[in-house]
DNA sequence: TTGACAAGTGAACGATCGTTCACTATACTT
DNA sequence: AAGTATAGTGAACGATCGTTCACTTGTCAA
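Chains as they are written, first to last, in our numbering: chain A, 1 to 193; chain B, 1001 to 1193.
What follows is the structure in structure tokens.
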């Protein structure tokens, strides 16, 4: 099979996966690849496994691996875009898998206010929170302090926990009564429209 | 079936999905749910479809819908965390699906330099680019200008395209020879470690 | 206590699954 | 031109798929 044909079929699989949420069966791949025999498909699948794009479970069912839903990570802004030829070599990265390490404890909150603007967190950004994680000095946390919710830097001053904004127009918060850290910010996501 | 049992089973499905990359078959759900009959599973599936968590394709195979890999979107920072009781009601959002609208034309680049710092884009952030999209005034673009790659605001001054940084220490770029817009920034992603 | 509904059992169904067989067609090398 | 992999064909296989049957058990309200 030519390299171009193989790449085209990977794209077809990727499209099917993102549309159907699963990999096609062998018969479905026959239609997809315009071939009439499952044996032909089986050879393609073997090649996919060689390239670490899919896996097989114990019953022979296909599990997506390198072929998942994310975007290609291709380099840096300075280096610019790779040529079309290099593109295919790059890793596909699922943003879900990349950002979310603890599925059950992760939440998204929309940012309101500009108290963390100097940390590059703007109003209407989304922050990914991991609940129950122990915050370290300098982490950004979402906390309930004196019955109000806020997002700030988690800092220690003289053995006492304080919450520092990343905006010089706001004061550092020294909790009077109670400080409940609800979660640690593990990622920031901003989408442009 | 009690509400708690149902929620537990949704969690089991979600775990299976994120581990195996697919939804379990009816027999596998029998083991997963600790029941012995597929009829029992079929009723659970019907309930999942009612709640819009999964779909069935024409052949009866299950397609994940509301049950996908993302994180729960639960509100705003000001409002804080919902109570544990409310949590389950929230939408699960796949970050892949949310951020990436055009799979084949989307790429990730790592940001180098601080020329967009005032737009909340810091060094080592990731930007999601859509290649080939027509930029509008005010969009952030990655472009090759006079043989160098850079990320800037896309602006028009007197009918001519210029690239403005979001950092007052950098000058506006007026392209001398050529300006090639490689892609428009559609999202910014920052991960803390 | 009884009745009604929900949840689970166990067995059967045709359809499709992934695998494997022997064979043919195409492409490329020597 | 002959030889050799590579790619595709077509048919068969047992296993598992999702569906459906009649039936039993569990739960809660009247």
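The beta-carbon is built from N, C-alpha and C at its ideal position, and this holds for glycine as well.
Just so you know, these numbers come straight off a predicted model, no measurement behind them.
Residue-level contact to chain A via CB, residue i, 8 Å cutoff
i, result
"residue 1089 of chain B", "Because the pLDDT of residue 1089 of chain B is 49, which lies under 50, any placement of that residue in the model is unreliable, and the question is left without a value."
"residue 1048 of chain B", "no"
"residue 1078 of chain B", "yes"
"residue 1136 of chain B", "no"
"residue 1009 of chain B", "no"
"residue 1005 of chain B", "no"
"residue 1107 of chain B", "yes"
"residue 1057 of chain B", "yes"
"residue 1060 of chain B", "no"
Burial state of residue i (16 or more Cβ within 10 Å)
i, result
"residue 165 of chain A", "buried"
"residue 1072 of chain B", "buried"
"residue 190 of chain A", "buried"
"residue 21 of chain A", "buried"
"residue 104 of chain A", "exposed"
"residue 1041 of chain B", "buried"
"residue 1059 of chain B", "exposed"
"residue 1196 of chain B", "This structure cannot settle anything about residue 1196 of chain B, because the visible part of chain B is limited to 1001 through 1193."
"residue 106 of chain A", "buried"
"residue 1120 of chain B", "buried"
"residue 27 of chain A", "exposed"
"residue 1160 of chain B", "exposed"
"residue 183 of chain A", "buried"
"residue 152 of chain A", "buried"
"residue 1180 of chain B", "exposed"
"residue 37 of chain A", "exposed"
"residue 1125 of chain B", "buried"
"residue 86 of chain A", "Its pLDDT being 48, under 50, residue 86 of chain A is placed unreliably by the model, and nothing is read from it."
Any chain B beta carbon closer than 8 Å to residue i
i, result
"residue 110 of chain A", "yes"
"residue 151 of chain A", "yes"
"residue 146 of chain A", "no"
"residue 12 of chain A", "no"
"residue 179 of chain A", "no"
"residue 113 of chain A", "yes"
"residue 99 of chain A", "yes"
Residues near residue i by beta carbon distance below 7 Å, same chain, minus five either side
i, result
"residue 1113 of chain B", "1123"
"residue 65 of chain A", "52, 53, 54, 55"
"residue 9 of chain A", "33, 44"
"residue 48 of chain A", "54"
"residue 1014 of chain B", "1067"
Beta-carbon neighbours of residue i, restricted to chain B and to distances below 7 Å
i, result
"residue 18 of chain A", "1103"
The ligand PLP heavy atom lying under 7 Å from the CB of residue i
i, result
"residue 1074 of chain B", "Absence of the ligand PLP is noted for the structure shown, with no ligands found whatsoever."
9 Å Cβ cut-off: residues of chain A touching residue i
i, result
"residue 1064 of chain B", "21, 22"
"residue 1190 of chain B", "120, 121, 187, 188, 189, 190"
Within chain A, the residues that residue i reaches when beta carbons sit closer than 8 Å
i, result
"residue 1053 of chain B", "Result: empty, since nearest Cβ-Cβ is about 12 Å, beyond 8 Å."
"residue 1173 of chain B", "Near residue 1173 of chain B there are no residues of chain A at all, since even the closest Cβ is about 14 Å away, more than 8 Å."
Partner residues on chain A for residue i, Cβ-Cβ distance less than 7 Å
i, result
"residue 1122 of chain B", "120"
"residue 1128 of chain B", "71"
Sequence-distant residues of its chain with Cβ nearer than 8 Å to residue i (five each side left out)
i, result
"residue 1101 of chain B", "1130, 1186"
"residue 171 of chain A", "165"
"residue 128 of chain A", "99, 100, 106, 107, 108, 185, 186, 187, 188, 189"
"residue 1162 of chain B", "1155, 1156, 1172, 1173, 1174, 1175"
"residue 30 of chain A", "36, 37, 38, 40, 41"
"residue 12 of chain A", "32, 33"
Chain B residues whose Cβ lies nearer than 8 Å to that of residue i
i, result
"residue 74 of chain A", "1107, 1108, 1109"
Beta-carbon contacts of residue i that lie in its chain and below 6 Å, excluding the five residues immediately before and after
i, result
"residue 1016 of chain B", "1024"
"residue 205 of chain A", "Limits of chain A in this structure are 1 at one end and 193 at the other, which puts residue 205 of chain A out of reach."
Which residue spans inside the segment 1073-1161 of chain B form an unbroken beta strand (DSSP E) run of at least 3?
As far as the segment 1073-1161 of chain B is concerned, its whole beta strand (DSSP E) runs of at least 3 residues are 1091-1093, 1106-1110, 1126-1131, 1140-1145, 1148-1157.
Could you name each continuous beta strand (DSSP E) segment of 3 residues or more that falls completely within the segment 1027-1057 of chain B, going from the start of the chain to the end?
The segment 1027-1057 of chain B contains these whole beta strand (DSSP E) runs: 1054-1056.
Jot down the residue ranges of each uninterrupted beta strand (DSSP E) in the segment 1158-1184 of chain B, minimum 3 residues, whole runs only, in chain order.
Counting whole runs of 3 or more residues, the segment 1158-1184 of chain B contains the beta strand (DSSP E) stretches 1160-1164.
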